[in-house]
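Here the structure comes first, spelled out in structure tokens, and everything after it is commentary.
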Amino acid sequence: LSLIPEPILVDEDEDPKEEEFKEKEEPQEEDMDIDDEEDENEPELTDIDSLFGRIASLSRRLCGRETEHALVKKKGKEKDEYYGKLILDLGNEVRSSMEEESVAMENLVRKLGNAEKRAECKKL
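So for the sequence shown, the UniProt record's numbering puts the first residue at 1; every next one is plus one.
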């Protein structure tokens, strides 16, 4: 595995005194699959910066790289509205994904039940 660092986008009009958006992530994060068990083992996110960092990370993994550029350009209320929409979009994406997984699991259980019934019939 070779890791290529991501380019960092900088808004030249940004106030240098304003705190920069920083995200902590593991080097191999891009190669990992999203897994519910993995999320259960993570420490609870207690500050807003950690939460937004996690949201941005998930968004890039789910939706592509355009999110990072948008975060750099937005400020103030516009940034808050963007985060609100991002949270709603991610929630909808996760819910949709969970519904699809649930349907797939129900189908597998149904097929397994049918296979067990056929096996019992063959024994008789």
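Backbone N, C-alpha and C define an ideal beta-carbon position, used for all residues, glycine too.
Practice problem: Drop a sphere of 10 angstroms on the beta-carbon of residue 37, count the other beta-carbons inside from all chains shown, and report buried for 16 or more, exposed for fewer. | Solution: Residue confidence is low: residue 37 scores 48 on pLDDT, short of 50, so the model does not pin down where it sits. No coordinate-derived value is stated.
Quiz item: Are the stretch 81-97 and the stretch 110-119 touching, with three or more C-beta to C-beta distances below 8 Å?
Solution: Too few Cβ pairs lie closer than 8 Å, so no.
Exercise. Check residue 86 in the structure and name its three-state DSSP category.
Key: When secondary structure is reduced to three states using DSSP, residue 86 falls in the helix class.
Practice problem: Out of 111, 52, 90, 124, state which residue places its alpha-carbon closest to the alpha-carbon of residue 79. | Solution: Minimum Cα distance to residue 79 is reached at 52.
Practice problem: Work out the CA separation of residue 100 and residue 55 for me, nearest whole Å. | Solution: Answer to the nearest angstrom: the Cα atoms are 21 Å apart.
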